[in-house]
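Numbering (our numbering), first residue to last: 46 to 188.
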């Protein structure tokens, strides 16, 4: 049997020393930096999620307030509209009553004038008939 090759043992020792040095001075620091960056990314993601949830909650609250304000405005608008319609109806009723009163007074006055005119016509009808007969006959007619 031949003695083991010592160069292989020396290569193995150099390899493991190099591996230890690379691991200690390169891989560990780079891994730590990557872990720190990942931690910051995770923290930023969590912060963004929390802020986004607050934004969504605030948006929902504002939309609810806007809808509530719109409903309240519609209710107030309806009340004012109804009040205006009521005032309009009262004014129309008052105007109709006044017009009916004026119409009634005008009809009464017209009836009185009609009766007076009838009386005058009846009074002058006999006189007109006598004058008409006098002209037709050419002589005076007894009354």
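Every residue, glycine too, gets a C-beta built ideally from N, C-alpha and C.
DSSP-derived helix/strand/coil call for residue i
{"i": "residue 149", "result": "helix"}
{"i": "residue 49", "result": "coil"}
{"i": "residue 73", "result": "helix"}
{"i": "residue 175", "result": "helix"}
{"i": "residue 154", "result": "helix"}
{"i": "residue 184", "result": "coil"}
Any chain D beta carbon closer than 8 Å to residue i
{"i": "residue 96", "result": "Note that chain D does not occur in the displayed structure, where there is just one protein chain."}
Residues near residue i in its chain [Cβ-Cβ closer than 6 Å; skip 5 each side]
{"i": "residue 178", "result": "186"}
Practice item. May I have a chain-ordered list of the alpha helix (DSSP H) segments no shorter than 4 residues that lie completely inside the stretch 86–143? Key: You should have found no qualifying run.
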